[in-house]
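Worksheet for the structure shown next.
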């Protein structure tokens, strides 16, 4: 399959509302059977994986994004395996530098973080170097390519049912978009919750309108869509009082898929995706041309231990 077609299909499937295959077929001038054949081919070639959603980290209580840097020995692959089994792990990258692994976790709340931290400590106590550090994020400006400054959040208090629906939409969708009927059955079978399809539909609609569900997406392999370079960047501004101002400018950059405020001198932490590795030099030059950046620190990602992720495609 032409890589351009694959890119267009994935881009169309990332949507603010539940994607319509009929609309996508019309937009790409493809018949429904042809689109389905393309999707099957993309799955077979491991270009795409499962459907999912992205959730606003500013829901109450806030989702907790935590970054972890780990120094490992190449002879301890079991460490990577044990970390990979932590369900809240979103990203695990091999990098150049003092630390050889960079991990990102997403926790539902501080209690869940504290519970899993004990597990992480146990895993790391068995490592060769026993060297790791945890970086807490103070604020999220951009996640999965979504600029949070553009999201109008409406006050909406989530209850247990909402959280269960969000978990299903995020983690239980597979090769096809999940229906309210499927969600109803999952809630009944796994959670012993009996609720009507109309209630589920209304809850989802409310979470879309409230800015809690950021978008519908699907996990894909960025390298197979032409994104050959991934970098982790830390940015130190000339004027620390302008963190918000600088971050709001930075989040507009299409190369930045994630942007966080962290508690250090290099107080902005970002993930950058580029088509060609050499494109990163141009990205850095643009940063310095703003005259707002004093210094940066970059890590080149050697390999992504979790090959599938998602972000909005330009």
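In our numbering, the protein residues as written are -1 to 312.
We put the beta carbon where it would ideally sit given N, CA and C, even for glycine.
Per DSSP, residue 278 is one residue of the alpha helix (DSSP H) stretching across 277 to 287.
According to DSSP, residue 293 shares a beta bridge with 234.
For residue 223, the closest alpha carbon among the candidates 271, 185, 24 is that of 271.
The residue among 256, 229, 217, 266 with its C-alpha nearest the C-alpha of residue 241 is 266.
By the beta-carbon neighbour count (other beta carbons within 10 angstroms, threshold 16), residue 83 is exposed.
Taking the Cα of residue 189 as reference, the smallest distance to any Cα among 208, 301, 206, 158 is reached at 158. Judged by pairs of C-beta atoms under 8 Å, the region 55 to 74 does not touch the region 31 to 45, as fewer than three such pairs exist. Per DSSP, residue 64 is not a residue of any alpha helix (DSSP H); the beta strand (DSSP E) it occupies stretches across 62 to 69. Here DSSP, grouped into helix, strand and coil, assigns residue 244 to helix.
Within the DSSP bridge table, the entry for residue 301 names 92 as partners. The beta-bridge partner set that DSSP reports for residue 144 consists of 141.
A direct Cα-to-Cα measurement between residue 229 and residue 48 gives close to 24 Å. Around residue 212, the same chain offers 52, 54, 144 as residues with beta carbons nearer than 6 Å, after the five sequence neighbours per side are excluded. The region 54 to 68 and the region 178 to 197 do not touch, with fewer than three beta-carbon pairs separated by less than 8 Å. Taking 4 residues as the minimum length, the alpha helix (DSSP H) runs contained wholly in the region 144 to 212 are 158 to 169, 178 to 189, 195 to 207, in order along the chain. Take the alpha-carbon of residue 114 and the one of residue 8: they are about 33 Å apart.
Per DSSP, residue 111 is one residue of the alpha helix (DSSP H) stretching across 108 to 123. Here the alpha carbons of residue 10 and residue 210 stand approximately 21 Å from one another. Under the three-state reduction of DSSP, residue 35 is assigned to helix. Taking one beta carbon from each stretch, the region 167 to 179 and the region 125 to 132 have fewer than 3 pairs nearer than 8 Å; the two do not touch.
With respect to the 8 Å criterion, residue 121 and residue 163 are not classified as neighbours on the basis of their beta carbons.
Ranked by Cα distance from residue 284, the options 305, 250, 301 are led by 250. Within 10 angstroms of the beta-carbon of residue 152 lie fewer than 16 other beta-carbons, which makes it exposed. The beta carbons of residue 77 and residue 90 sit no closer together than 8 Å. Between residue 116 and residue 216, the C-beta spacing is not below 8 Å. Taken atom to atom, the span from the alpha-carbon of residue 87 to that of residue 104 is near 7 Å. Counting only residues of its own chain and dropping the five nearest sequence neighbours on each side, residue 232 has a CB closer than 6 Å to the CB of 264, 267, 295.
The Cβ atoms of residue 30 and residue 135 lie no closer than 8 Å to each other. Here residue 171 is buried. Its C-beta has 16 or more other C-beta atoms within 10 Å. A straight line joining the alpha-carbon of residue 204 with that of residue 95 spans about 45 Å.
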